[in-house]
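Undergrad: Dumping the structure here so I can ask a few things about it.
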Amino acid sequence: MKLSRIAIAGGVAASTVLLIAGPAAAHVSVQPVGEAAKGGYATLNFKVPNERDQASTVKLEITFPADHPLSSVTPQAVPGWKIDISRSTLDKPLEVHGKKITEAVSKVTWTADDSEIAPGYFQQFPVSVGALPEDADQLVFKAIQTYDNKEVVRWIEEPTAGGDEPDSPAPVLKLTAATEGHHGGAADDAEETDDHKAADSEASSKESSTAASSSASDTTARTLGIIGIVVGIAGVAFGVLAGRRRTA
1 MKLSRIAIAG GVAASTVLLI AGPAAAHVSV QPVGEAAKGG YATLNFKVPN ERDQASTVKL
61 EITFPADHPL SSVTPQAVPG WKIDISRSTL DKPLEVHGKK ITEAVSKVTW TADDSEIAPG
121 YFQQFPVSVG ALPEDADQLV FKAIQTYDNK EVVRWIEEPT AGGDEPDSPA PVLKLTAATE
181 GHHGGAADDA EETDDHKAAD SEASSKESST AASSSASDTT ARTLGIIGIV VGIAGVAFGV
241 LAGRRRTA
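Position 7 of the sequence shown, counting from 1, maps to 7 under our numbering, and the rest follow consecutively.
Laid out in structure tokens, this is it:
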């Protein structure tokens, strides 16, 4: 009897924990594809679950961190959603590949266009970003989720170190340490590809030069050989004629 009471009490406690943890876990979040290394480039997925039983999500706004502006922000097209990109002037220009960047993306907004996130579903919104800051361990993106019943949920509360998770936490991207000599990401891959192309081009140029030089050498040798043969024939003919004159 006591055991059954304990089991029932344990089941009720577990259900309570699930009920409390469930809604807190179902919030807008951000995860990198692979890793998000400091100083590198990454593709981020903003995951948006629908938390309502009688309403659908029709709009998502992601605000990018102003304290660590990103020089490159490129959202991927999502079928059935319109994308609007807002930019703002930077207080302090960024230096990227020798160029000064005076403005950066401050917000990206996705609005449902013949699509929506229905109850019981979620949607991911991919964005390519970079270069990630080297002097930060994480980036905080504030998100605003709008439902078709006009309800607006603001996921904008920043987590505190060692504290409990806020009721409406903002998406947080954890940055990993940069690999020495390689930060990872699409931009570095592109640079490597360019380097390989340049190396291949240089090698092809050298091969062409070598081939041209060899061809020129062969042509010269053949010409000299022909001239030598002609001179030899002329010498023989002259000798024969000279012999005949002496005999006469």
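Don't be surprised by glycine CBs; every beta carbon is placed ideally from N, CA and C.
Pick out the complete beta strand (DSSP E) segments inside the region 114 to 146, 3 residues or longer, and give them in chain order.
TA: 122 to 130, 138 to 140
Undergrad: Please state the DSSP three-state secondary structure of residue 156.
TA: Looking up residue 156 in the sequence shown gives position 156. The answer is coil: DSSP assigns residue 156 none of H, G, I, E or B.
Undergrad: Are the region 93 to 101 and the region 53 to 71 touching by the rule of at least three beta carbon pairs closer than 8 Å?
TA: yes
Undergrad: Please work out which residues of its chain come closer than 6 Å, Cβ to Cβ, to residue 84, disregarding the five sequence neighbours upstream and downstream, and give them in chain order.
TA: Locating residue 84 in the sequence shown gives position 84, counting from the first residue. Correct list, in chain order: 109.
Undergrad: How would you call residue 145, buried or exposed, if buried means at least 16 neighbouring beta carbons within 10 angstroms?
TA: Taking the first residue of the sequence shown as 1, we reach residue 145 at position 145. It is buried - the Cβ of residue 145 has at least 16 other Cβ atoms within 10 Å.
Undergrad: Within 10 angstroms of its Cβ, does residue 123 collect 16 or more other Cβ (buried), or is it exposed?
TA: Within the sequence shown, the letter at position 123 stands for residue 123. Under this definition residue 123 is a buried residue.
Undergrad: So, do the region 161 to 180 and the region 85 to 92 have three or more beta carbon pairs nearer to each other than 8 Å?
TA: no
Undergrad: Mark residue 290 as exposed unless 16 or more other C-beta atoms lie within 10 angstroms of its C-beta, in which case mark it buried.
TA: What the structure shows of the chain is the stretch from 1 to 248, and residue 290 is not part of that stretch, so it cannot be assessed.
Undergrad: Taking DSSP as the reference, what is the three-state secondary structure of residue 64?
TA: Locating residue 64 in the sequence shown gives position 64, counting from the first residue. Coil, per DSSP.
Undergrad: Do residue 113 and residue 150 have their C-beta atoms within less than 8 Å of each other?
TA: Stepping through the sequence shown from its first residue, residue 113 is reached at position 113. Stepping through the sequence shown from its first residue, residue 150 is reached at position 150. No. Outside cutoff.
Undergrad: Over what stretch of residues does the beta strand (DSSP E) that includes residue 87 continue unbroken?
TA: Taking the sequence shown and counting its residues from 1, one reaches residue 87 at position 87. Looking at the DSSP string, the run of the beta strand (DSSP E) that includes residue 87 is 81 to 96.
Undergrad: Any idea if residue 36 is buried or exposed, counting beta-carbon neighbours within 10 angstroms, 16 or more meaning buried?
TA: Stepping through the sequence shown from its first residue, residue 36 is reached at position 36. By the neighbour-count criterion, in which a residue is buried when 16 or more other Cβ atoms sit within 10 angstroms of its Cβ, residue 36 is buried.
Undergrad: Where do the ends of the beta strand (DSSP E) carrying residue 106 lie?
TA: Here residue 106 corresponds to residue number 106 of the sequence shown, with the count starting at 1. 99 to 112 is the span of the beta strand (DSSP E), which, as asked, contains residue 106.
Undergrad: Can you tell me which of 143, 152, 54 puts its alpha carbon nearest to the alpha carbon of residue 28?
TA: Along the sequence shown, read from residue 1 onward, the residue named residue 28 stands at position 28. Among 143, 152, 54, the Cα nearest to that of residue 28 belongs to 143.
Undergrad: Per DSSP, which one or two residues make a beta bridge with residue 75?
TA: Translated into the one-based positions of the sequence shown, residue 75 becomes position 75. In the DSSP output, where bridge partners are listed per residue, residue 75 has 127.
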